[in-house]
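S.K.:
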Amino acid sequence: MSNTELLSDQATQKVDDLSCSITENVIVSSDQQESALINSQSNSCCKDMSNVDSQVIESKAEADIKPSEDNDFHLIKWIDFNFEYLPILLQNVNGPCPLLAIFNILLLRKRIILDPNRDAISTERVITLLAEHILEHDQSKLSEEDRINYEHNVQDALAVLDKLKTGLDVNLKFDGVDKFEYTPECIIFDLLNIQLFHGWVIDPQDTELRTIVTTDAPSYNQLVEKMIRQRHSEREELVRESLLIEQFLDENRSQLTHYGILQLNQTMRDNQLAVFFRNNHFSTIWKNQNQLLVLVSDQGYLDHKSIVFETLTDIDNDSLFTDGYGRIWRKPEAVDSSRDRDLAIALHNEEERLFHEAQLQQQQQQQQHQTLVNSSQPTGSSLRQSKKSKNKSKRSSDDDDDKDSCTLL
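Residue numbers for the sequence shown follow our numbering, so the first one is -1 and each next one is one higher.
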């Protein structure tokens, strides 16, 4: 049996196992099939995979939508993202955060399409769709060596899919936001072309700590082992290193540093979607115009359509909510009938106050004008002196002066 046929048989069995809990009451028809078959040069392989496709077909059955005691389900929230109306899965209590972080990226990339009428989906169905997506990769352009390697990676990925429901064992390194110790679980990110990041990076300016960590303990697990091993050493230098390590871990319990945020922003591409590991939790992260945004996947925000992301700006969780375009979300003020009445009364009182102030200002202006006119009129003695000085003038001038005097008087 060829490697391709062996892989197909194993993949078929794996997907059968994953989908067995949700394939009851499934209505199979040709126009309902939503997943492409795995590409293969073998006709028998395509025949085998067609059986898999019919078993994991998108189901409208009630058992696949409504929660039951036997299955975990996730609510679906539809959001506006990058000028698209797309679904994301929300996390239930103690839900599988690595599975949702990965699956939500595929939804936002439109690699996996959900029925727009669906409002919930089972965890088993999510894993089945994820397995189908992995098996859809076109191998026709791969060389023989690359094809063999890819088939081996697919086998490893299918073997760890179940672990996505509970968590992944990752061991980060402190010298880069994309540095992790390689484990079999990491293969899932490579196959799906999804990058895994963290923000727990030591500042290069802290030369002593960076030397202690990167010399022989570059990963988290190694650093903890080194701290415990050297804590009771007879050498004062080793004890001091152990205390420095303990202080570093204690001061960065959030598994995030200021330098890590800076490096994360510089490393991620604009408009890139990735998985972000922090506080032993996996989230979907998006870089939008030098802004780092973490997808809000808590089911408590199901009805808050305008809350999609939260900013990642510091290590103290001082974040702000944004919409699907990165615009800061502002909480709308609640308005009720009593407040409407109070507001109307306040506006009426304000209008009356402004009216009375305008009347008072008008009266003051009139008084000031009258005072100015009175102050400009000449006294009686000055008027008589003016008449005497003008007696020597012609009579026509006297008449003019009299007219002016009458005007003033």
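All C-beta atoms, glycine included, are put in the ideal place defined by N, C-alpha and C.
1. Excluding five sequence neighbours on each side, which residues of the same chain lie with their C-beta closer than 6 Å to the C-beta of MET445?
2. Whose CA, out of ASP204, LYS163 and ASN315, lies closest to the CA of ILE100?
3. Can you tell me whether DSSP reads ASP46 as helix, strand or coil?
4. According to DSSP, is GLU232 part of a helix, a strand, or is it coil?
5. Expressed to the nearest angstrom, what Euclidean distance is found between the alpha-carbon atoms of PHE71 and ASN90?
6. Which first and last residues belong to the alpha helix (DSSP H) in which ILE111 is found?
7. With GLU82 as the anchor, note down where its beta strand (DSSP E) starts and where it stops.
8. Does the Cβ-Cβ distance between LEU254 and GLY197 come in under 8 Å?
9. From which residue to which residue does the alpha helix (DSSP H) around HIS150 run?
10. GLN261 to TYR323, Cα distance in whole Å?
11. Pop quiz: SER304 and ASP321 are said to be a contact at Cβ under 8 Å. What is the actual Cβ separation, rounded to whole angstroms?
12. Following a CB-centred definition, is ASP167 positioned closer than 7 Å to any heavy atom of the ligand NAD?
13. Specify whether the segment 164 to 177 and the segment 210 to 218 touch according to this definition: at least 3 beta carbon pairs, one from each stretch, less than 8 Å apart.
14. If we count the other Cβ atoms within 10 Å of its Cβ and call it buried at 16 or more, is PHE193 buried or exposed?
15. So the alpha helix (DSSP H) GLN287 belongs to, where does it begin and stop?
16. Tell me whether the segment 179 to 188 and the segment 147 to 166 touch, counting them as touching only if at least three CB pairs, one residue from each stretch, are closer than 8 Å.
17. Exposed or buried, what is GLN228 when buried is set at 16 or more other beta-carbons lying within 10 Å of its beta-carbon?
18. When you compare each of SER231, ARG208 and GLU82 to LEU247 by their alpha carbons, which one comes out closest?
19. What does a CB cutoff of less than 8 Å around ASN279 pick up in its chain, not counting 5 residues either side in sequence?
20. If you drop the 5 nearest sequence neighbours on each side, which residues of the same chain put their C-beta closer than 8 Å to that of SER231?
21. Can you give me the C-alpha to C-alpha distance between ARG393 and GLN366, rounded to a whole angstrom?
22. Excluding the 5 residues flanking HIS256 on each side, which residues of the same chain have their C-beta closer than 8 Å to its C-beta?
23. Buried or exposed: which applies to TYR218, given that a residue is buried once 16 or more other Cβ atoms fall within 10 Å of its Cβ?
24. So, helix, strand or coil for ALA215, using DSSP?
25. Thinking just about the alpha-carbon of each residue, which of HIS131, TRP76, ASN250 and LEU98 is nearest to the one in ASN115?
26. Return the CA-CA distance between THR205 and ARG328, expressed in angstroms with no decimal places.
27. Tell me the residue span of the alpha helix (DSSP H) that contains ASP187.
28. Taking ASP78 as the reference, which of LEU98, LEU97 and LEU106 has the closest Cα?
29. In the DSSP assignment, what are the bridge partners of THR309?
30. Could you compute how far the alpha carbon of GLN203 sits from the alpha carbon of LEU242?
31. Between which two residues does the beta strand (DSSP E) harbouring PHE79 extend?
32. What separation, rounded to the nearest whole angstrom, lies between the Cα atoms of ASP29 and ILE111?
33. From this set, GLY298, PHE274 and LEU358, which residue's C-alpha is nearest LEU291's C-alpha?
34. Would you kindly work out how many angstroms separate the C-alpha atoms of LYS177 and ASP167, rounded to a whole number?
35. How long is the line joining the alpha carbons of ILE125 and ARG233, rounded to whole angstroms?
M.R.: Based on what the coordinates show:
1. Lying before the first or after the last residue shown, residue 445 is absent from the chain, which here runs from -1 to 407.
2. On the sequence shown, residue 100 is found 102 positions in, with the first residue counted as 1. Selected option, being the one with the closest Cα: LYS163.
3. As a position in the sequence shown, residue 46 is number 48, starting the count at 1. Here ASP46 scores only 41 on pLDDT, less than 50, and its place in the model should not be relied on; the value that follows carries that caveat. Note: ASP46 maps to helix in three-state DSSP.
4. Reading the sequence shown from its first residue, position 234 is the one you call residue 232. Looking at GLU232 - three-state DSSP - the assignment turns out to be coil, as it is neither helix nor strand.
5. Position 73 of the sequence shown holds residue 71. Position 92 of the sequence shown holds residue 90. Distance between the alpha carbons of PHE71 and ASN90 is about 8 Å.
6. By one-based count along the sequence shown, residue 111 stands at place 113. Taken as a continuous stretch (DSSP letters only), ILE111 belongs to no alpha helix (DSSP H), as it is neither H nor E.
7. For this step, residue 82 is matched to residue 84 along the sequence shown. Per DSSP, GLU82 belongs to the beta strand (DSSP E) from 82 to 87.
8. Stepping through the sequence shown from its first residue, residue 254 is reached at position 256. Stepping through the sequence shown from its first residue, residue 197 is reached at position 199. Yes.
9. Taking the sequence shown and counting its residues from 1, one reaches residue 150 at position 152. For HIS150, the uninterrupted alpha helix (DSSP H) run begins and ends at 142 to 158, by DSSP.
10. The residue you call residue 261 lines up with position 263 of the sequence shown. The residue you call residue 323 lines up with position 325 of the sequence shown. Their backbone Cα atoms lie some 23 Å apart in a straight line.
11. Locating residue 304 in the sequence shown gives position 306, counting from the first residue. Locating residue 321 in the sequence shown gives position 323, counting from the first residue. Contact between SER304 and ASP321 holds, since their C-beta atoms are separated by about 5 Å, short of 8 Å.
12. By its list of ligands, the structure shown contains no ligand whatsoever, and the ligand NAD lies outside what it can speak to.
13. Two segments are said to touch when three or more pairs of C-beta atoms, one from each, lie closer than 8 Å; by this definition the segment 164 to 177 touches the segment 210 to 218.
14. Taking the first residue of the sequence shown as 1, we reach residue 193 at position 195. What sits at residue 193 in the sequence shown is Gln, not Phe. That one is buried.
15. The sequence position of residue 287 within the sequence shown is 289, counting from 1. DSSP places GLN287 outside any alpha helix (DSSP H), giving it a letter other than H or E.
16. Result yes; three or more Cβ-Cβ pairs closer than 8 Å.
17. Start at 1 with the first residue of the sequence shown, and residue 228 comes out as number 230. Sixteen is the threshold: when 16 or more other Cβ atoms of the shown chains lie within 10 Å of the Cβ of GLN228, as they do, the residue is buried.
18. For the purposes of this step, residue 247 is identified with residue 249 of the sequence shown, where counting begins at 1. Nearest of SER231, ARG208 and GLU82 to LEU247, Cα basis: ARG208.
19. As a position in the sequence shown, residue 279 is number 281, starting the count at 1. Looking at the sequence itself, residue 279 is His, so the reference to Asn does not match. Close CB contacts of HIS279 within its chain, under the 8 Å cut and outside five residues either way in sequence, are with CYS95 (chain order).
20. For this step, residue 231 is matched to residue 233 along the sequence shown. Cβ within range, chain order: VAL237 and SER240.
21. As a working mapping, residue 393 is identified with position 395 in the sequence shown. As a working mapping, residue 366 is identified with position 368 in the sequence shown. Here the model assigns ARG393 a pLDDT of 48, short of 50, so the residue's position is not dependable, and the following value carries that caveat. Spanning the two alpha carbons is a distance of roughly 39 Å.
22. One-based indexing of the sequence shown puts residue 256 at position 258. Result list for HIS256: ASP201, ASP312 and ILE313, in chain order.
23. For the purposes of this step, residue 218 is taken as residue 220 along the sequence shown, with counting starting at 1. A residue is called buried when at least 16 other Cβ atoms come within 10 angstroms of its Cβ; TYR218 meets this threshold and is buried.
24. Position 217 of the sequence shown, counted from the start, is the residue given in the question as residue 215. Note: ALA215 maps to coil in three-state DSSP.
25. What you label residue 115 is simply residue 117 of the sequence shown in a count that begins at 1. Scanning HIS131, TRP76, ASN250 and LEU98 for the CA closest to the CA of ASN115 turns up TRP76.
26. Within the sequence shown, numbered from 1, the residue matching residue 205 stands at position 207. Within the sequence shown, numbered from 1, the residue matching residue 328 stands at position 330. THR205 and ARG328 have their alpha carbons spaced roughly 42 Å apart.
27. As a first step, residue 187 is located in the sequence shown; it is residue number 189 there, counting from the start. Note that residue 187 is Phe in the sequence shown here, rather than Asp. PHE187: member of the alpha helix (DSSP H) spanning 185 to 189, first to last residue.
28. As a first step, residue 78 is located in the sequence shown; it is residue number 80 there, counting from the start. With respect to the C-alpha of ASP78, the residue from LEU98, LEU97 and LEU106 having the closest C-alpha is LEU106.
29. Numbered from its first residue, the sequence shown carries residue 309 at position 311. Bridge partners of THR309: LEU291.
30. As a position in the sequence shown, residue 203 is number 205, starting the count at 1. As a position in the sequence shown, residue 242 is number 244, starting the count at 1. Straight across, the Cα-Cα distance linking GLN203 with LEU242 is about 15 Å.
31. Numbered from its first residue, the sequence shown carries residue 79 at position 81. Counting along the chain, the beta strand (DSSP E) containing PHE79 begins and ends at 71 to 79.
32. In the sequence shown, the residue the question calls residue 29 occupies position 31. In the sequence shown, the residue the question calls residue 111 occupies position 113. Per-residue confidence for ASP29 stands at a pLDDT of 38, beneath the threshold of 50, marking its modelled position as unreliable; the derived number appears in the next sentence. Their Cα atoms are separated by approximately 15 Å.
33. Indexing the sequence shown from 1 puts residue 291 at position 293. Of the residues GLY298, PHE274 and LEU358, the one whose Cα lies closest to the Cα of LEU291 is PHE274.
34. Locating residue 177 in the sequence shown gives position 179, counting from the first residue. Locating residue 167 in the sequence shown gives position 169, counting from the first residue. Looking at the two C-alpha atoms, the distance is approximately 14 Å.
35. The residue labelled residue 125 in the question sits at position 127 within the sequence shown. The residue labelled residue 233 in the question sits at position 235 within the sequence shown. Using only the alpha carbons, I get a separation of about 52 Å.
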